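Let me begin by presenting the structure, written as structure tokens, before commenting on it.
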Amino acid sequence: MLLTITRNLEKALIAKIAERYGVRYEALGFSLPPKIELGELASPVAFDLARKVRRPPREIAQELAGDAGAVSGVGKVDVAGGGYLNFHLDRGTFAEGLAAGVAARNFGRTAAPEEGGKVVVEHTNINPNKAAHIGHLRNATLGDTFVRCLRFLGRRVEVQNYLDNTGVQVADVVVGLERMMGKTLADLDKVEGKFDYFCWDVYAKVSEFYAQSEENKRWRSRTMQAIEAGGNPTAEMAEAVAMRVAAAHLATMARINVRYDLLPRESEILHLNFWSKAYGLLKERKAIYLVDSGKNRGCWVMNTAEGAEAAEGAGGEAEGTRAQLEDSEKIIVRSDGTVTYVGKDIAYQLWKFGLLGLDFHYKPYVAPGGDELWITTPEAAEGADAPGFGSAASVYNVIDSRQAYLQGVVRQGLEALGFKEQAARSVHYSYEMVALTPACCDELGFPLAEEDRKRPYVEVSGRKGLGVKADDLLDALEKKALGEVRSRHEMPEEDAAAIARRIAVGALRYFLLRFARNTVIAFDFKEALSFEGETGPYVQYAAVRAGNIFRKLAEAGEEPPSLTGGHPGLGEFLGANDDIWEAVYQAARLPEVVRQVAETLEMGQLCKYAFALAQRFNLFYHRHHILSEADPQRRGHLLLVTDLVRRQLEKALDLLGCEVPPKM
Numbered sequence: 068m069l070l071t072i073t074r075n076l077e078k079a080l081i082a083k084i085a086e087r088y089g090v091r092y093e094a095l096g097f098s099l100p101p102k103i104e105l106g107e108l109a110s111p112v113a114f115d116l117a118r119k120v121r122r123p124p125r126e127i128a129q130e131l132a133g134d135a136g137a138v139s140g141v142g143k144v145d146v147a148g149g150g151y152l153n154f155h156l157d158r159g160t161f162a163e164g165l166a167a168g169v170a171a172r173n174f175g176r177t178a179a180p181e182e183g184g185k186v187v188v189e190h191t192n193i194n195p196n197k198a199a200h201i202g203h204l205r206n207a208t209l210g211d212t213f214v215r216c217l218r219f220l221g222r223r224v225e226v227q228n229y230l231d232n233t234g235v236q237v238a239d240v241v242v243g244l245e246r247m248m249g250k251t252l253a254d255l256d257k258v259e260g261k262f263d264y265f266c267w268d269v270y271a272k273v274s275e276f277y278a279q280s281e282e283n284k285r286w287r288s289r290t291m292q293a294i295e296a297g298g299n300p301t302a303e304m305a306e307a308v309a310m311r312v313a314a315a316h317l318a319t320m321a322r323i324n325v326r327y328d329l330l331p332r333e334s335e336i337l338h339l340n341f342w343s344k345a346y347g348l349l350k351e352r353k354a355i356y357l358v359d360s361g362k363n364r365g366c367w368v369m370n371t372a373e374g375a376e377a378a379e380g381a382g383g384e385a386e387g388t389r390a391q392l393e394d395s396e397k398i399i400v401r402s403d404g405t406v407t408y409v410g411k412d413i414a415y416q417l418w419k420f421g422l423l424g425l426d427f428h429y430k431p432y433v434a435p436g437g438d439e440l441w442i443t444t445p446e447a448a449e450g451a452d453a454p455g456f457g458s459a460a461s462v463y464n465v466i467d468s469r470q471a472y473l474q475g476v477v478r479q480g481l482e483a484l485g486f487k488e489q490a491a492r493s494v495h496y497s498y499e500m501v502a503l504t505p506a507c508c509d510e511l512g513f514p515l516a517e518e519d520r521k522r523p524y525v526e527v528s529g530r531k532g533l534g535v536k537a538d539d540l541l542d543a544l545e546k547k548a549l550g551e552v553r554s555r556h557e558m559p560e561e562d563a564a565a566i567a568r569r570i571a572v573g574a575l576r577y578f579l580l581r582f583a584r585n586t587v588i589a590f591d592f593k594e595a596l597s598f599e600g601e602t603g604p605y606v607q608y609a610a611v612r613a614g615n616i617f618r619k620l621a622e623a624g625e626e627p628p629s630l631t632g633g634h635p636g637l638g639e640f641l642g643a644n645d646d647i648w649e650a651v652y653q654a655a656r657l658p659e660v661v662r663q664v665a666e667t668l669e670m671g672q673l674c675k676y677a678f679a680l681a682q683r684f685n686l687f688y689h690r691h692h693i694l695s696e697a698d699p700q701r702r703g704h705l706l707l708v709t710d711l712v713r714r715q716l717e718k719a720l721d722l723l724g725c726e727v728p729p730k731m
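The sequence shown begins at 68 in the numbering used here and counts up one residue at a time.
Dropping the structure here:
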């Protein structure tokens, strides 16, 4: 709604400027006045025009003010200072429009749904070899909130969680099970406790096994070959490990309200000939070449040097020496014939855009919570009528910033095959790692060296077994939140636990989202769970407080003001109360903020918006006695504003993946 008014105002001003002064603009910039009483939009265009037509800017501004005042939704236009244009919205009409939009559950979106074709968002993508850790939670919350924002804007989105079930990490666990521990497939059923936790420990110990001898090291390559070949006990072991761990990951992500549409498996990239076809195309276009000497001897590689042309000739020696080339070569196929995961990623990316001419087989997968979810299979499943997956117009891969080089190799692969437009629409949605504060480590029982205690944050390493499992973190958060709930309310244990879960998840997701994505996060329990400051519980508390007003209204047998009916005197009421109007105006900005978030990939801006709106509501709540207001019309207007802010705040929390508990 706000965007529509802004666009209409911009068009009207551009047309009038061209008509009056013969000057053409493609676009005009609007800013926010420093105070709401000065208006909602401001423009300095008169100053730029003054230089071009050699007239005083204030005189030009006064002429334009008369033209802009006729735009629908604009109440009046002021000229400030030497020539600034300040635009005041028609407050009554604006609030009535927002109320109608909220009633229709479009939350103030008056523009048509955004076009642009299907968007594929790939996120989470945890190697299915051990339990998820705190860093994976940041990936999932970023990807999930981005998806929610795109869908809010009317985009068609497909969410994929890629399972690297044939990769090195799974192979390492299988080596640990078969060669280090002497386990068979049947032994896996005897594992007690959480299977993903068990594999976490195996993975941490296998490095010691490799360090014992060169023969032990060779088991990684042999195991990789067996897994890729399939149809043998080692491949069966890998399949069992990967799928049991993946099921645990899905259960963990369901705890933080993350859902998916498709689980593509790397094994099908191999067994359904996706990689074979991509491999042939890469060789045919000379995007990769075989090396016959040096450290990369026997490998198929891609030259990743900026601006480098594909190397040609024996051994790929086009210019310079073999040693010089090696620094810019990325191995796509190892000398033992196994494919690196970046090679498989190129094939996968081609499929996402519908460029491979091949498709997966699919079958339904029983997801936690019963959501519809599909998984790829090596053979067609009888009666499986899957939706059309892939064939995207744009693709976002949510992967941490340390993978920037490899994501660049994937894009380079698409470009080398002639798919430059698709390469340009392959977006690496990068983010930085999550660390822990020393205090958080202490609370989780994580042992620290004395030097680590002096640092602002402590890095963790899954390969070394030094890390915080996601479920352990969630359990600890829920326990702390439950203590807060019990201290405030007497209620059945089941109800208290349900509220604690919502508070814990809201605290975690908000904390992981509120920082700029390329900022390292140092997670801290006390900061995340605080009911004061910029936290999830603070925003949730504001929504609960607003909801309590309507709960009390219902208990008194009263109906709230209708959102769709007329509200006589609303314009005058908002015109006389700048602070109340500012709450309405901030509530209406939700679609604009979501659009900015989707463009910049900075989910933290949505957190800041929700926090600011919660602050604005709390200020409104303390200044005005809503339910005890004696004047019936004023009371109705206060209730209407409360309802508008409450619903927009709840929607902002929903986009952040945070649920509103019934009590705090």
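The beta-carbon is built from N, C-alpha and C at its ideal position, and this holds for glycine as well.
Predicted model, so just to flag it, every value in this text is computed and none were measured.
Check your understanding: Which word fits G183, buried or exposed, when buried means at least 16 other C-beta atoms lie within 10 angstroms of its C-beta?
Key -> exposed
Exercise for review: State the DSSP-derived secondary structure class of F213, mapped to helix, strand or coil.
Suggested key: helix
Exercise for review: To the nearest angstrom, report how far apart R215 and A681 are at their CA atoms.
Suggested key: 20 Å
Review point. Along the chain, where does the alpha helix (DSSP H) that runs through G573 open and close?
Key: 560-580
Exercise for review: Please classify K176: is it buried, with 16 or more other beta-carbons within 10 angstroms of its beta-carbon, or exposed?
Suggested key: According to the sequence provided, residue 176 is Arg. The question's Lys does not apply to it. That one is buried.
Review point. What do you get for V406, buried or exposed, if any count of 16 or more other CB atoms within 10 angstroms of its CB means buried?
Key: buried
Exercise for review: Using a threshold of 7 Å, state whether the C-beta atoms of F590 and G671 are closer than that.
Suggested key: no
Review point. Which residues bound the alpha helix (DSSP H) around S461?
Key: Not the alpha helix (DSSP H): S461 falls in the beta strand (DSSP E), residues 461-465.
Exercise for review: Return the residue from the list P331, G404, A309 that minimises the CA-CA distance to C366.
Suggested key: G404
Exercise for review: Take the Cβ of K78 as the centre, count every other Cβ of all protein chains shown within 10 Å, and call the residue buried at 16 or more, exposed below.
Suggested key: exposed
Review point. How is A79 classed by DSSP in three states: helix, strand or coil?
Key: helix
Point to revise | Beta-carbon gap between N232 and P195 smaller than 7 Å | key: yes
Review point. Straight-line CA distance for A305 to L596?
Key: 39 Å
Point to revise | Separation of R713 from T208, as counted between CA atoms | key: 23 Å
Check your understanding: How big is the Cα-Cα spacing for T443 and L673?
Key -> 34 Å
Review point. Does the beta-carbon of G573 have 16 or more other beta-carbons within 10 angstroms, so that it is buried, or is it exposed?
Key: buried
Review point. On the three-state DSSP scale, how would you describe P658?
Key: helix
**Study point:** Under 7 Å between C-beta atoms of Y676 and V660
**Key:** yes
Exercise for review: Leaving aside the five residues before and after I693 along the sequence, list all residues of the same chain whose C-beta is less than 8 Å from its C-beta, in chain order.
Suggested key: I616, R702, L705, L706, T709
Check your understanding: Does the distance from the CB of E499 to the CB of T602 come in under 7 Å?
Key -> no
Exercise for review: May I ask you to list the residues that DSSP assigns as paired with Y356?
Suggested key: V368
Point to revise | Whole-angstrom distance between D539 and D263, CA atom to CA atom | key: 12 Å
Exercise for review: Within the same chain, show all residues whose beta-carbon is closer than 7 Å to that of I297, passing over the 5 residues directly before and after it, in chain order.
Suggested key: Ile is not the amino acid found at residue 297; the sequence shown has Gly there. Hits under 7 Å: H338.
Exercise for review: Please state if the CB of G421 and the CB of S458 are separated by a distance shorter than 7 Å.
Suggested key: yes
Review point. Rounded to a whole number of angstroms, what is the C-alpha to C-alpha distance between F678 and V611?
Key: 14 Å
Practice item. Measure the alpha-carbon distance for A318 versus P435 and round it to whole angstroms. Key: 6 Å
Review point. Who are the near neighbours of K250 in its chain, counting only those whose CB is closer than 6 Å to its CB and skipping five residues on each side?
Key: L244
Check your understanding: In this structure, does DSSP put S343 in helix, strand or coil?
Key -> helix
Review point. How is the beta strand (DSSP E) around N45 delimited, first residue to last?
Key: Outside the modelled stretch of the chain, which goes from 68 to 731, sits residue 45, for which no answer is possible.
Review point. Closest to W342 by CA distance: which of Y408, D268, Q279, A313 is it?
Key: Y408
Practice item. Measure the alpha-carbon distance for E551 versus G724 and round it to whole angstroms. Key: 21 Å
**Study point:** Enclosing alpha helix (DSSP H) for I616 [first to last residue]
**Key:** 603-622
Review point. Taking one C-beta from the segment 139-156 and one from the segment 426-441 each time, how about it: are there three or more such pairs within less than 8 Å?
Key: no
Review point. According to DSSP, is G243 helix, strand or coil?
Key: helix
**Study point:** CB contact check: A543 to chain D, cutoff 7 Å
**Key:** Any reference to chain D falls outside this structure, which holds one protein chain only.
Review point. If you draw a straight line from the C-alpha of G638 to the C-alpha of T667, how long is it?
Key: 35 Å
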